[in-house]
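A.B. asks: Here it is: the structure, laid out below.
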Amino acid sequence: MSASADLKQRLESANQQHLLKWWDDLSREQQANFEEQLTSVDFDLIRRLLEKGSGGAGESIAAKAERATPPKNLVRLADLTADPDLAIDADKKGRELLAAGKVGVVLVAGGQGTRLGFDQPKGMFPIGPVTDRTLFQIMFEQVLARSKKSGVKIPYLIMTSDATDADTRSYLKSENYFGLDESDVLFFKQGTMPAVDDREGTLLLADKGQLSVSPDGHGGMLGALANANLFQELESRGIEYLYYHQVDNPTAIIADPVFLGLHVLRESEMSTKVIAKVNAGEKTGVVVDVDGETQIIEYSDMPTAVSEKTDSDGDLLHWAGSTAIHVFDVQFLKRIAESADGLPFHTAHKKVSHLAENGELIVPDEPNAYKFERFIFDALPMAKNALVMEADRSKEFNPVKNAEGSDSPQTCRSALNLIAVDWLTMAGAEVESGTRIEISPLYAVEPADLDEKIEPGTHYSGEVILK
Ligand code: UTP
8 MSASADLKQR LESANQQHLL KWWDDLSREQ QANFEEQLTS VDFDLIRRLL
58 EKGSGGAGES IAAKAERATP PKNLVRLADL TADPDLAIDA DKKGRELLAA
108 GKVGVVLVAG GQGTRLGFDQ PKGMFPIGPV TDRTLFQIMF EQVLARSKKS
158 GVKIPYLIMT SDATDADTRS YLKSENYFGL DESDVLFFKQ GTMPAVDDRE
208 GTLLLADKGQ LSVSPDGHGG MLGALANANL FQELESRGIE YLYYHQVDNP
258 TAIIADPVFL GLHVLRESEM STKVIAKVNA GEKTGVVVDV DGETQIIEYS
308 DMPTAVSEKT DSDGDLLHWA GSTAIHVFDV QFLKRIAESA DGLPFHTAHK
358 KVSHLAENGE LIVPDEPNAY KFERFIFDAL PMAKNALVME ADRSKEFNPV
408 KNAEGSDSPQ TCRSALNLIA VDWLTMAGAE VESGTRIEIS PLYAVEPADL
458 DEKIEPGTHY SGEVILK
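Numbering-wise (my numbering), the sequence shown opens with residue 8 and increments by one.
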């Protein structure tokens with residue numbers, strides 16, 4: 008069967024007719040699948056993104072970064088210590104919101120996790136300091152513990168992608184969602200974007216009847232929520248706030264009452280947690296204000312000289328590193344999802360394996376293609392009263408990004424261990440140096456949970472599992 012005239016015409020007018028080179032080699036089923044994939048591509052959008060990528064439109068982010076200032080609408084750790092009532096009021100408000108069933112949690116777990124190099128979805132990575140408790144398990148147990156504490160069932164929205172969907176679903180089902188009701192675990196799948204050759208502007212093929220595509224970034228969450236009718240679902244469940252976190256950080260305090268409370272007390276539409284950067288060169292996005300709007304600038308877009316700026320005390324001016332932990336008003340997200348432009352796309356220059364004209368698979372050594380992604384943090388400048396809250400890095404930001412070195416399983420396990428030692432010590436226990444401890448969130452989801460469980464003076468050594 009030959010390709011439909013309509014498809015041929017679309018590809019010709021987009022200068023992408025090479026994609027049909029192997030059409031006649033494909034089975035009918037492969038042709039149908041390929042046609043469906045090609046039809047879903049917005050060639051006009053790709054053209055515009057390529058033009059923008061080559062400096063076509065607007066001021067560069069680097070230029071904006073030059074006039075960035077530290078975020079103004081900010082609660083620093085020192086503010087919470089200096090004014091205990093601020094923390095107490097926020098905590099109370101947050102617990103009220105949770106108990107009223109107004110909070111849902113969303114986990115984005117669609118990334119390919121290339122840096123870690125694990126052959127399953129990253130959430131299935133074993134990270135417990137003593138057992139093989141996975142990232143997913145720690146997160147699901149946190150949501151369950153918080154639900155029980157709040158006396159409501161907190162819905163847990165899980166974003167997957169083509170790369171992670173099937174394995175994530177079957178793993179979580181086989182684990183009975185770690186105790187959450189199946190009806191409270193709401194899966195939704197993000198979309199994809201094609202990879203484009205950096206010289207020709209042509210879409211690349213992964214196979215004869217398959218485009219080379221990748222997930223469309225965590226910002227794909229908005230379109231994906233809308234496509235899965237989840238805004239409606241959230242509204243029907245009375246959910247007004249979504250607590251967002253990422254699959255790589257098991258020390259994120261999921262549905263933290265203080266953060267939720269501050270978000271609402273400060274009438275913010277989107278709030279974000281930050282940590283103080285360790286040095287100017289740390290590879291993390293930075294939260295800043297530009298022309299009165301709060302936004303996150305990726306480290307790769309920040310000129311070194313701007314990263315290195317200091318204030319009058321000699322401290323880093325742009326100190327506020329992003330943790331990718333946010334709270335959103337659901338109506339705010341819905342508004343952006345329904346707007347014509349939505350979130351902008353970012354272009355990245357990457358190595359993408361693809362089929363050459365002679366049918367051979369090329370595995371490039373150097374970046375050869377553009378990939379396009381949306382970032383959820385680009386919603387920040389669109390939010391009213393965007394609020395920035397500082398968190399303690401050692402307690403809340405220990406992501407698993409790399410296989411070794413910084414932000415690796417090893418650093419993350421040590422952090423989980425240290426947090427457990429800290430909690431037990433606060434509860435009056437004595438923990439011998441070198442003790443390995445794992446506390447299930449079902450045993451304690453916050454330090455105060457240990458007060459009634461741990462006898463002061465209890466001695467811990469060796470390997471300890473509290474669950
Ligand atoms: P990262 O930016 O660290 O990307 O994702 P990654 O794909 O997990 O890892 P690398 O860069 O390939 O090594 C941060 C968070 O955003 C999610 C990830 O699953 C992770 O929770 N994410 C990222 C998505 O859900 N979808 C995407 O398209 C990209």
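Backbone N, C-alpha and C define an ideal beta-carbon position, used for all residues, glycine too.
Does the region 185–205 come into contact with the region 230–238, if we say contact requires no fewer than three beta-carbon pairs (one atom in each stretch) closer than 8 Å?
C.D. replies: Short answer: they touch.
A.B. asks: Should D74 be labelled buried (16 or more other beta-carbon atoms within 10 Å of its own) or exposed?
C.D. replies: Residue 74 sits at position 67 when you count from the first residue of the sequence shown. According to the sequence shown, residue 74 is Arg rather than Asp. Exposed.
A.B. asks: May I have the straight-line CA-CA distance separating A327 from E397, to the nearest angstrom?
C.D. replies: Residue numbering aside, residue 327 sits at position 320 when the sequence shown is read from its first letter. Residue numbering aside, residue 397 sits at position 390 when the sequence shown is read from its first letter. C-alpha separation (whole angstroms): 8 Å.
A.B. asks: I'd like to know whether the C-beta atoms of N409 and C419 end up nearer to each other than 7 Å.
C.D. replies: In the sequence shown, the residue the question calls residue 409 occupies position 402. In the sequence shown, the residue the question calls residue 419 occupies position 412. No. Outside cutoff.
A.B. asks: May I have the straight-line CA-CA distance separating N256 from V407, to the nearest angstrom?
C.D. replies: Taking the first residue of the sequence shown as 1, we reach residue 256 at position 249. Taking the first residue of the sequence shown as 1, we reach residue 407 at position 400. Their Cα atoms are separated by approximately 6 Å.
A.B. asks: Going by CA-CA distance only, name the one from T432, L473, S415 that's closest to R122.
C.D. replies: Position 115 of the sequence shown, counting from 1, holds the residue named residue 122. Selected option, being the one with the closest Cα: S415.
A.B. asks: Helix, strand or coil, according to DSSP, for R443 in the structure here?
C.D. replies: For the purposes of this step, residue 443 is taken as the residue at position 436 of the sequence shown. In this structure, R443 counts as strand in the three-state DSSP scheme.
A.B. asks: Does the Cβ-Cβ distance between V294 and S329 come in under 7 Å?
C.D. replies: One-based indexing of the sequence shown puts residue 294 at position 287. One-based indexing of the sequence shown puts residue 329 at position 322. Yes, the Cβ-Cβ distance between V294 and S329 is below 7 Å.
A.B. asks: Would you say W430 and P448 are within 7 Å of each other, going by their C-beta atoms?
C.D. replies: Within the sequence shown, residue 430 is the residue found at index 423, counting from 1. Within the sequence shown, residue 448 is the residue found at index 441, counting from 1. It is not a contact, given that the beta carbons lie outside the stated cut-off.
A.B. asks: State the beta-bridge partners of A327 as determined by DSSP.
C.D. replies: The sequence position of residue 327 within the sequence shown is 320, counting from 1. In the DSSP output, where bridge partners are listed per residue, A327 has A283.
A.B. asks: Can the beta-carbon of V337 be found less than 7 Å from the beta-carbon of E247?
C.D. replies: Taking the sequence shown and counting its residues from 1, the one referred to as residue 337 is at position 330. Taking the sequence shown and counting its residues from 1, the one referred to as residue 247 is at position 240. Yes, the pair counts as a contact, with Cβ atoms nearer than the cut-off.
A.B. asks: Apart from the five residues on each side of it in sequence, which residues of its chain come closer than 6 Å, Cβ to Cβ, to I145?
C.D. replies: As a first step, residue 145 must be located in the sequence shown, where it is residue number 138. So the qualifying residues of the chain are P257.
A.B. asks: Apart from the five residues on each side of it in sequence, which residues of its chain come closer than 7 Å, Cβ to Cβ, to A106?
C.D. replies: As a working mapping, residue 106 is identified with position 99 in the sequence shown. Contacts found: S157, G158, V159.
A.B. asks: Measuring CA to CA, which of K341, L211, A363, R140 is closest to A376?
C.D. replies: The residue given as residue 376 occupies position 369 in the sequence shown. Nearest of K341, L211, A363, R140 to A376, Cα basis: L211.
A.B. asks: Mapping the DSSP letters down to three states, classify A233 as helix, strand or coil.
C.D. replies: In the sequence shown, the residue the question calls residue 233 occupies position 226. Three-state DSSP puts A233 in a helix.
A.B. asks: Return yes when the Cβ of H361 is within less than 7 Å of the Cβ of I369, no when it is not.
C.D. replies: To locate residue 369, count along the sequence shown from 1; it is residue 362. To locate residue 361, count along the sequence shown from 1; it is residue 354. Yes, these two residues count as a Cβ contact at 7 Å.
A.B. asks: Between S34, A173, F50, which has its C-alpha nearest Q16's C-alpha?
C.D. replies: Position 9 of the sequence shown, counting from 1, holds the residue named residue 16. Nearest of S34, A173, F50 to Q16, Cα basis: F50.
A.B. asks: Which ranges would you report for the alpha helix (DSSP H) in the region 69–99 if only whole runs of at least 4 residues count?
C.D. replies: Listed in chain order, they are 84–89.
A.B. asks: Going by the beta-carbon positions, is the gap between T354 and G124 smaller than 7 Å?
C.D. replies: Mapped onto the sequence shown, residue 354 falls at position 347. Mapped onto the sequence shown, residue 124 falls at position 117. Result no, Cβ atoms of T354 and G124 do not sit closer than 7 Å.
A.B. asks: Between S168 and E182, what straight-line distance do the alpha-carbon atoms span, to the nearest angstrom?
C.D. replies: Here residue 168 is taken as the residue at index 161 of the sequence shown, counted from 1. Here residue 182 is taken as the residue at index 175 of the sequence shown, counted from 1. The straight-line gap from Cα to Cα measures roughly 20 Å.
A.B. asks: Given a cut-off of 7 Å on the beta-carbon distance, is the pair T199 and D223 in contact?
C.D. replies: Sequence index remark: in the sequence shown, residue 199 carries index 192 (1-based). Sequence index remark: in the sequence shown, residue 223 carries index 216 (1-based). Closer than 7 Å, so yes.
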